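Just below is one structure, and these are the notes that go with it.
In mature numbering (1 follows the signal peptide of the UniProt record, and there is no 0), the protein residues as written are -30 to -1, 1 to 311.
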């Protein structure tokens, strides 16, 4: 007797199986669109003053998607437009990214050092993102960091703003000192501290007005405009600028180079470390795959992995149902054939 094999039931699962990958692709496209909309370059407006022969630090922080590194620095002066540094290609003498000069890595930080500054470095510097194919970049006139260079024979400027700390590492709950020394008088107006750059920067301390509740002044002399941040948290991370303002008109007159505050995780105890190690040992290969895929793979690879996983899950579930359906029938057919023989 010929055994009758039932038709596979996976066809009933085709619609859910293919709807899930489609949903994943739609969500990923929405995520990429959101990242593009939230992408933003932040840099101080300046002006910043540097002496000839010294080193200039130009700050640039990227908010949003910053994994591709399609960033470059361009200097705009009255004569021309010049590429200063490109994070994707080429060698630029005298220019070095900040991440190569510090032991603590800074994510999304595209700040650069310009060594042995000359008069030719006077101008406005733009940290911009460029197109992957044509390297075309768009610059807005209101953005950019203005830099002034004092030559050896030039008269002394009326004001210097010195922020000696480039990077400050702290843990949650610590008290942090941010140092600022102002030499000279300049025009009438207050000294102010800000966190961040651009239109979204946050006022932290105003020596002539209202200040943030966490910030207090720590002045050891008339030239000291340092502040103390009490009980810092992850929300306080960022770059802090000490700036001089003119009273009339009410605008920024000169800015320091900025101090980056980064919060580091506190070291865990021995018991916590042992517990973490045990949990990692007990974790199944599937669990490890879920943990490491977002770290190792890019977004598109994650989409492909999700599609394959969804198809495999649907196929396996449909196969199991087929086995449950066909198993007893096959056994009955086999028993019936034996009885007949």
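Ideal Cβ positions, reconstructed from N, Cα and C, are used throughout, including at glycine. Fair warning: this is a prediction, and the values are worked out from it, not measured in the lab.
Contact belief for residue 213 with residue 147 at Cβ below 8 Å, rounded distance in angstroms: That pair is no contact at about 18 Å.
Opposing strand residues paired with residue 67 [DSSP bridges]: 82
Beta-carbon proximity of residue 140 to residue 202, cut-off 8 Å: yes
DSSP-derived helix/strand/coil call for residue 94: Note: residue 94 maps to strand in three-state DSSP.
Same chain, Cβ closer than 8 Å to residue 354, neighbours up to 5 away in sequence not counted: This structure leaves residue 354 out entirely; the chain is present only between -30 and 311.
Beta-carbon proximity check, residue 138 vs residue 229, cutoff 8 Å: yes
Cross-strand partners of residue 25 (DSSP beta bridge): According to DSSP, residue 25 bridges with nothing at all.
CB-CB length for residue 219 against residue 116, believed under 8 Å: That pair is no contact at about 16 Å.
Cβ neighbour criterion (16 or more within 10 Å) applied to residue 23: exposed
Contact under 8 Å by Cβ, residue 119 with residue 92: yes
Selected residue, minimal CA-CA separation from residue 50, among 81, 83, 90, 160: With distances taken between Cα atoms, residue 50 lies closest to 90.
Other residues of its chain near residue 194: CB distance less than 7 Å, five sequence neighbours each side excluded: 151
DSSP-derived helix/strand/coil call for residue 76: coil
For residue 222 and residue 29, believed in contact at Cβ under 8 Å, the rounded distance: Actually they do not touch by this definition, with Cβ atoms about 15 Å apart.
Chain-order list of residues whose beta-carbon lies under 7 Å from that of residue 19 (same chain, five-residue window excluded): So the qualifying residues of the chain are 118, 120, 127, 130, 224.
Where the beta strand (DSSP E) containing residue 141 begins and where it ends: 137 to 141
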